[in-house]
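A.B. asks:
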Amino acid sequence: MTIRKDVPKDILGAAKMAEFLIAPETENARQFVQALVKQTFDHEAAYHPRKRKRREADQKAFERAIAAYAGDLLHHSANQEADGFMYRPGDRDKLSETLVSGRHFEQLNTYWREMNLTEMTGFFQAKTHLECPTDDVYLARTRRIRATQALLDKAAGFELYPDTILADFPKQSRLIRPVTVRDEVYLTPRKRRPPRNMKIRGPGYERQVALVTELNQAYAHHSFNLEDQPRLYRLFNRGNFADFNFNKGGRLYCASDDNWQSIDSETRKGIEIDGEPTVELDVRASHLAILHGLHGKSLDTQADPYHIDGIEREVVKLIFTAWTGRGTPPAQWPKKEAEKYAQRHGRKLSDTYKLKDVVAALRNRHPVLDKIKPRALDWSNLQFVESECFLSVMLELFRCYEVPALPVHDSLIVRKRDGDLVEDILGQSYQRRLGFRPVIKAA
Numbered sequence: 293m294t295i296r297k298d299v300p301k302d303i304l305g306a307a308k309m310a311e312f313l314i315a316p317e318t319e320n321a322r323q324f325v326q327a328l329v330k331q332t333f334d335h336e337a338a339y340h341p342r343k344r345k346r347r348e349a350d351q352k353a354f355e356r357a358i359a360a361y362a363g364d365l366l367h368h369s370a371n372q373e374a375d376g377f378m379y380r381p382g383d384r385d386k387l388s389e390t391l392v393s394g395r396h397f398e399q400l401n402t403y404w405r406e407m408n409l410t411e412m413t414g415f416f417q418a419k420t421h422l423e424c425p426t427d428d429v430y431l432a433r434t435r436r437i438r439a440t441q442a443l444l445d446k447a448a449g450f451e452l453y454p455d456t457i458l459a460d461f462p463k464q465s466r467l468i469r470p471v472t473v474r475d476e477v478y479l480t481p482r483k484r485r486p487p488r489n490m491k492i493r494g495p496g497y498e499r500q501v502a503l504v505t506e507l508n509q510a511y512a513h514h515s516f517n518l519e520d521q522p523r524l525y526r527l528f529n530r531g532n533f534a535d536f537n538f539n540k541g542g543r544l545y546c547a548s549d550d551n552w553q554s555i556d557s558e559t560r561k562g563i564e565i566d567g568e569p570t571v572e573l574d575v576r577a578s579h580l581a582i583l584h585g586l587h588g589k590s591l592d593t594q595a596d597p598y599h600i601d602g603i604e605r606e607v608v609k610l611i612f613t614a615w616t617g618r619g620t621p622p623a624q625w626p627k628k629e630a631e632k633y634a635q636r637h638g639r640k641l642s643d644t645y646k647l648k649d650v651v652a653a654l655r656n657r658h659p660v661l662d663k664i665k666p667r668a669l670d671w672s673n674l675q676f677v678e679s680e681c682f683l684s685v686m687l688e689l690f691r692c693y694e695v696p697a698l699p700v701h702d703s704l705i706v707r708k709r710d711g712d713l714v715e716d717i718l719g720q721s722y723q724r725r726l727g728f729r730p731v732i733k734a735a
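Below is the structure:
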């Protein structure tokens, strides 16, 4: 029952989050779960006796939790980079959307460590969610967990192995919400608490669900050289704002295990669709172009919009991102990006540039930036317009041409032979909404 304190940070950082959305489907998997359920209940009776018997529904829910948790432990055991470790924040609200409730999560963490089926590390910082629209990073102190050899041996006795476990424990896709709405609550004028999922229903929500479901169903008619069949969900933000009408955020994110959006662009070049090579078509300076279009202007397509003499392009771009993220010109260098810059270049941003000079140069290059207003016209509005453009393109490609496309926020991965068609339709989508065609190029 000891806590591991000797695990290197790079291994802890490579751990992936358990989804707790898988269930046994094969006979071997069901028999393994039955044996594990009995072993767990025997331990509970001996060391954590209950005052009253569980109701039938509670009993079945606990058995589902045992199956989902064990399945994920086996699945993540194949993650050699993380030495088999995974993590899962104990947020009860988010766990309620999985097969493992907050209470069951706590119980199994205790029981299985006592039974030598799992081992844990000390607390380690992890993002509470991956989709941060600004430089904010919400962190939680989350333990890393992995299966012990005893659990792996028990599974092997039923011919269940980490590399192939998802064939025996498939993901229950019906449990994945195609549409998620998060709130945004300010504790002080400039400090926010981590966003939480909201429960929203009604015609507007159902319409969004139907659109994302259509995209996910269309993927089933094509093949991909990914570990998991592509699946998307759409994330809306600021659902608690008075003017929310599914019009803030709205990006499409990967909901399947093999997240093509999180890998680098060079690796994405190896993605194949229907056994064919692909190309990634990128909209140049999409948010900046949209900001111009919303004010009846067109972004100069002849020159690089992030080029300013004497200032590195990456610095110009990070200040634009910080400006739209906060809704105001940044008063200090974004901490996370400043750290990355120092790692890449061996020098501090603050020693290389004066922030006020970079802000002034960017404002002079693009005066429309002064139209940005916090919580009124900022990242959430720009992201929504962009997501609507890409959503309409993907639906048209599926409906009219049976052309699959994988979104990466401001780009689309498509078969090379479909490149010209997709570029034309993507350009038309921006033209209809904003009055201009952006520069679209292969990434």
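Just so we're aligned: 607 in the numbering used here is position 315 of the sequence shown, and the numbers increase by one with no gaps anywhere.
Just so it is clear, CB atoms sit at the ideal spot from N, CA and C, and this is done for glycine as well.
In this text, all values refer to a predicted model and were calculated from it rather than measured experimentally.
Between which two residues does the alpha helix (DSSP H) harbouring T332 extend?
C.D. replies: Counted from its first residue, the sequence shown places residue 332 at position 40. 319-339 is the span of the alpha helix (DSSP H), which, as asked, contains T332.
A.B. asks: For R605, does the three-state DSSP call read helix, strand or coil?
C.D. replies: The sequence position of residue 605 within the sequence shown is 313, counting from 1. Helix at R605.
A.B. asks: What residues in its chain sit with their C-beta under 8 Å from that of D302, if we drop five residues either side in the sequence?
C.D. replies: Mapped onto the sequence shown, residue 302 falls at position 10. Cβ within range, chain order: n/a, list empty.
A.B. asks: In the DSSP assignment, find the unbroken beta strand (DSSP E) run with E451 in it and report its ends.
C.D. replies: As a first step, residue 451 is located in the sequence shown; it is residue number 159 there, counting from the start. From DSSP, E451 is part of no beta strand (DSSP E); its letter is neither H nor E.
A.B. asks: Would you mind reading off the limits of the beta strand (DSSP E) that contains G541?
C.D. replies: The residue given as residue 541 occupies position 249 in the sequence shown. 541-546 is the extent of the beta strand (DSSP E) around G541.
A.B. asks: May I ask you to list the residues that DSSP assigns as paired with E564?
C.D. replies: Within the sequence shown, the letter at position 272 stands for residue 564. Answer is P569, bridged to E564.
A.B. asks: Buried or exposed for H340, going by 16 or more other Cβ atoms inside 10 Å?
C.D. replies: Taking the sequence shown and counting its residues from 1, the one referred to as residue 340 is at position 48. Under this definition H340 is an exposed residue.
A.B. asks: Is A315 close to chain B, meaning its C-beta is less than 8 Å from at least one C-beta of that chain?
C.D. replies: Of the chains in the structure shown, none is chain B; there is only one protein chain.
A.B. asks: Taking the alpha-carbon of P481 as reference, which of N537, D350, G711, R667 has the nearest alpha-carbon?
C.D. replies: Residue mapping note: residue 481 aligns to position 189 of the sequence shown, counting from 1. It is R667 whose Cα lies nearest to the Cα of P481.
A.B. asks: Within the chosen definition, does the segment 335-349 reach the segment 375-382 through at least 3 CB pairs nearer than 8 Å?
C.D. replies: No, they do not touch.
A.B. asks: If you reduce the DSSP assignment to three classes, tell me which class K343 lands in.
C.D. replies: One-based indexing of the sequence shown puts residue 343 at position 51. Coil, per DSSP.
A.B. asks: Where does the unbroken beta strand (DSSP E) through I705 begin, and where does it stop?
C.D. replies: As a position in the sequence shown, residue 705 is number 413, starting the count at 1. Its beta strand (DSSP E) spans residues 703-707.
A.B. asks: Less than 7 Å between C-beta atoms, sequence neighbours within five positions excluded: which residues of the same chain meet that for L422?
C.D. replies: Counting from 1 along the sequence shown, the entry for residue 422 is found at position 130. Only weak support is given to the placement of L422: the predicted model assigns it a pLDDT of 44, under 50, and the value that follows is read from those uncertain coordinates. So the list is empty, once near-sequence residues are dropped.
A.B. asks: Let's see if you can read the secondary structure: which residues bound the beta strand (DSSP E) around R474?
C.D. replies: Locating residue 474 in the sequence shown gives position 182, counting from the first residue. That run of the beta strand (DSSP E) goes 471-474.
A.B. asks: Run the CB neighbour count on V685, radius 10 Å, all protein chains shown included, and call it buried at 16 or more, exposed below.
C.D. replies: Along the sequence shown, read from residue 1 onward, the residue named residue 685 stands at position 393. By the 10 Å Cβ count, V685 comes out buried.
A.B. asks: For V651, which residues of its own chain have a beta-carbon under 6 Å away from its beta-carbon, when the five flanking residues on both sides are left out?
C.D. replies: What you label residue 651 is simply residue 359 of the sequence shown in a count that begins at 1. These residues qualify, in order along the chain: P621.
A.B. asks: With distances taken Cα to Cα, identify the nearest neighbour of C681 among F690, L726, G711.
C.D. replies: Taking the first residue of the sequence shown as 1, we reach residue 681 at position 389. Looking at the Cα atoms, L726 is the closest of the given residues.
A.B. asks: Return the residue from the list L586, L580, N489, T593 that minimises the CA-CA distance to L610.
C.D. replies: By one-based count along the sequence shown, residue 610 stands at place 318. That would be L580, whose Cα lies nearest to the Cα of L610.
A.B. asks: Rounding to the nearest angstrom, what Cα-Cα distance links N408 and R322 in this structure?
C.D. replies: Your numbering for residue 408 matches position 116 in the sequence shown. Your numbering for residue 322 matches position 30 in the sequence shown. Taking the straight line joining both Cα atoms gives about 21 Å.
A.B. asks: Taking P316 and V325 to be in contact with their CB atoms under 8 Å, please state how far apart those CB atoms are, rounded to whole angstroms.
C.D. replies: Your numbering for residue 316 matches position 24 in the sequence shown. Your numbering for residue 325 matches position 33 in the sequence shown. That belief holds up - the Cβ atoms of P316 and V325 are roughly 5 Å apart, short of 8 Å.
A.B. asks: Does the Cβ-Cβ distance between K381 and T434 come in under 8 Å?
C.D. replies: Here residue 381 is taken as the residue at index 89 of the sequence shown, counted from 1. Here residue 434 is taken as the residue at index 142 of the sequence shown, counted from 1. Correcting the residue identity first, residue 381 is Pro in this sequence and not Lys. Yes, the Cβ-Cβ distance between P381 and T434 is below 8 Å.
A.B. asks: Output the distance between the C-alpha atoms of D353 and S393, rounded to the nearest integer angstrom.
C.D. replies: In the sequence shown, the residue the question calls residue 353 occupies position 61. In the sequence shown, the residue the question calls residue 393 occupies position 101. The question names Asp, yet the displayed sequence has Ala at residue 353. So the alpha carbons of these two residues sit roughly 9 Å apart.
A.B. asks: What does a CB cutoff of less than 6 Å around V477 pick up in its chain, not counting 5 residues either side in sequence?
C.D. replies: As a first step, residue 477 must be located in the sequence shown, where it is residue number 185. Excluding residues within five positions, the ones whose Cβ falls inside 6 Å are R485.
A.B. asks: Anyone know if the C-beta pair for T263 and F312 falls short of 8 Å?
C.D. replies: No answer is possible for residue 263: it lies beyond the span of the chain, which begins at 293 and ends at 735.
A.B. asks: Could I get the ranges of all uninterrupted beta strand (DSSP E) runs contained in the segment 662-706, with 3 residues as the minimum, in chain order?
C.D. replies: As far as the segment 662-706 is concerned, it has no whole beta strand (DSSP E) run of at least 3 residues.
A.B. asks: In this structure, does DSSP put T413 in helix, strand or coil?
C.D. replies: Taking the first residue of the sequence shown as position 1, residue 413 is located at position 121. Of the three classes helix, strand and coil, the one that applies to T413 here is strand, per DSSP.
A.B. asks: Please state whether the Cβ-Cβ distance between F415 and V473 is less than 8 Å.
C.D. replies: Here the question's residue 415 lines up with position 123 in the sequence shown. Here the question's residue 473 lines up with position 181 in the sequence shown. No, the pair does not count as a contact, with Cβ atoms beyond the cut-off.
A.B. asks: I need the DSSP call for L524, collapsed to helix, strand or coil.
C.D. replies: To locate residue 524, count along the sequence shown from 1; it is residue 232. It is a strand residue.
A.B. asks: Helix, strand or coil: which one does DSSP assign to K301?
C.D. replies: The residue given as residue 301 occupies position 9 in the sequence shown. Helix at K301.
A.B. asks: Can you tell me the Cα-Cα spacing of K663 and L654, whole angstroms?
C.D. replies: To locate residue 663, count along the sequence shown from 1; it is residue 371. To locate residue 654, count along the sequence shown from 1; it is residue 362. Rounded to the nearest angstrom, the two C-alpha atoms are 13 Å apart.
A.B. asks: Roughly how many angstroms separate the alpha carbons of E519 and D460, rounded to a whole number?
C.D. replies: Sequence index remark: in the sequence shown, residue 519 carries index 227 (1-based). Sequence index remark: in the sequence shown, residue 460 carries index 168 (1-based). Roughly 15 Å between the two C-alpha positions.
A.B. asks: Quick one: give me the first and last residue of the beta strand (DSSP E) that K733 is part of.
C.D. replies: Locating residue 733 in the sequence shown gives position 441, counting from the first residue. Its beta strand (DSSP E) spans residues 732-734.
A.B. asks: Taking Y645 as part of the beta strand (DSSP E), name the residues at either end of that continuous run.
C.D. replies: Residue numbering aside, residue 645 sits at position 353 when the sequence shown is read from its first letter. Note, Y645: premise wrong, no beta strand (DSSP E); not H, not E.
A.B. asks: Given that a residue counts as buried once 16 or more other Cβ atoms are within 10 Å of its Cβ, and exposed if not, what is Y693?
C.D. replies: Stepping through the sequence shown from its first residue, residue 693 is reached at position 401. The residue in question, Y693, is exposed, as its Cβ has fewer than 16 Cβ neighbours within 10 Å.
A.B. asks: How far does the beta strand (DSSP E) with L479 in it extend, from its first residue to its last?
C.D. replies: As a position in the sequence shown, residue 479 is number 187, starting the count at 1. L479 -> beta strand (DSSP E) spans 478-480.
A.B. asks: Whole angstroms is fine: what's the gap from D427's alpha carbon to I468's?
C.D. replies: For this step, residue 427 is matched to residue 135 along the sequence shown. For this step, residue 468 is matched to residue 176 along the sequence shown. The predicted model places D427 with a pLDDT of 48, which falls under 50 and marks its position as unreliable, so this point remains unresolved.
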